[in-house]
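Q: What follows is a single structure, and I will ask about it in a moment.
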Amino acid sequence: MTGEPTPERMRHALGHFATGVTIVTGFAEDGAPVGFACQSFASVSLHPPLVLFCADHRGRSWPRMREQGRFTVNVLRHDQRELIARFGSSGGARFEGLEWAGSAHGGPSLPGVLMRIHCSVEQVHVAGDHDVVVGRVLDLEDGESGRPMLFYRGRFTVTERRTPSGADDGEAGAEPMDDYWG
């Protein structure tokens, strides 16, 4: 099927590309913690170590953390839908009742995530209704073991373990072929 790239067709077509799910956190100028759910995250360069994310420049969190020049990317585990609900909504107190720790290098570190990437803002490029934010990685922090949360075709999903060909997951002796994610 071909046709004009309307917002609806873009959402449908690009929904076929699975992405990891992150929460980008930082501090507002007044020191308040802020953050938002983000699927537009990627590695850019190893030398120098750079990553990027895209954020709606009309959102309520990114504009508040932008001026501080630091952020943390918290990579979510498969069982952290509660964090998505907190940080993916347009309202509500995202940090209220949540245990988190401040980072010496970036923004708030959220509990139980797969990993944290602490960064400083290197560049910001306006692209349509979003900012493309390039960050210099200052520190990498391993978190908990587990499978990653993914976003695919408009839904949150998780990966499953692979087993040897012909073996059923419930079959006795069917050991996973790999366990990279913990």
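In UniProt numbering, the protein residues as written are 1 to 182. The beta carbon of each residue, even a glycine, is placed where N, CA and C say it ideally should be. Only a predicted model underlies this, so the values are computations on that prediction, with no experimental measurement involved.
Pull up the CB-CB distance for Met115 and Leu138, whole angstroms please, since I reckon it's below 8 Å.
A: Met115 to Leu138, Cβ: 14 Å. No contact.
Q: Could you pull the DSSP bridge partners for Glu144 from this structure?
A: The partner list for Glu144 (beta bridge, DSSP) is empty, contrary to what the question assumes.
Q: Going straight from the alpha carbon of Glu8 to that of Thr2, what length do you get?
A: 13 Å
Q: Our contact map puts Arg77 next to Gly112 with C-beta atoms below 8 Å; I'd like the distance itself, whole angstroms only.
A: 6 Å
Q: Please state whether DSSP places Pro33 in a helix, a strand or coil.
A: It is a strand residue.
Q: Would the beta-carbon of Gly33 fall within 8 Å of that of Phe71?
A: Looking at the sequence provided, one finds Pro at residue 33 rather than Gly. In this structure, Phe71 does not lie closer than 8 Å to Pro33 by Cβ.
Q: Could you give the DSSP three-state label for Gly102: helix, strand or coil?
A: DSSP places Gly102 in coil when its eight states are reduced to three.
Q: Quick check: what's the CA-CA separation for Glu85 versus Asp56?
A: Note on identity: in this sequence residue 85 is Ala, with Glu being the wrong assignment. If you take the alpha carbons of Ala85 and Asp56, they lie about 18 Å apart.
Q: How far does the beta strand (DSSP E) with Leu110 in it reach, from first residue to last?
A: It is not in any beta strand (DSSP E) - Leu110 carries neither H nor E in the DSSP assignment.
Q: In whole angstroms, give me the CA-to-CA distance for Thr6 and Gly128.
A: 14 Å
Q: For Asp131, I'd like the list of residues in its chain whose CB is within less than 6 Å of its CB, leaving aside the five on either flank, ordered along the chain.
A: Ala55, His57 and Val124
Q: Tell me whether the beta-carbon of Phe36 lies closer than 8 Å to the beta-carbon of Trp62.
A: Yes; because the gap between Cβ atoms is below 8 Å, this pair is in contact.
Q: Throw me the rounded Cβ distance for the Phe53 and Val133 pair, which I believe falls under 8 Å.
A: Contact holds; Cβ gap of about 5 Å.
Q: Distance check for Ala101 and Ile23, CA to CA, integer angstroms please.
A: 14 Å
Q: Going by the CB atoms, is the gap between Leu83 and Leu46 shorter than 8 Å?
A: no
Q: Given that a residue counts as buried once 16 or more other Cβ atoms are within 10 Å of its Cβ, and exposed if not, what is Met10?
A: The residue in question, Met10, is exposed, as its Cβ has fewer than 16 Cβ neighbours within 10 Å.
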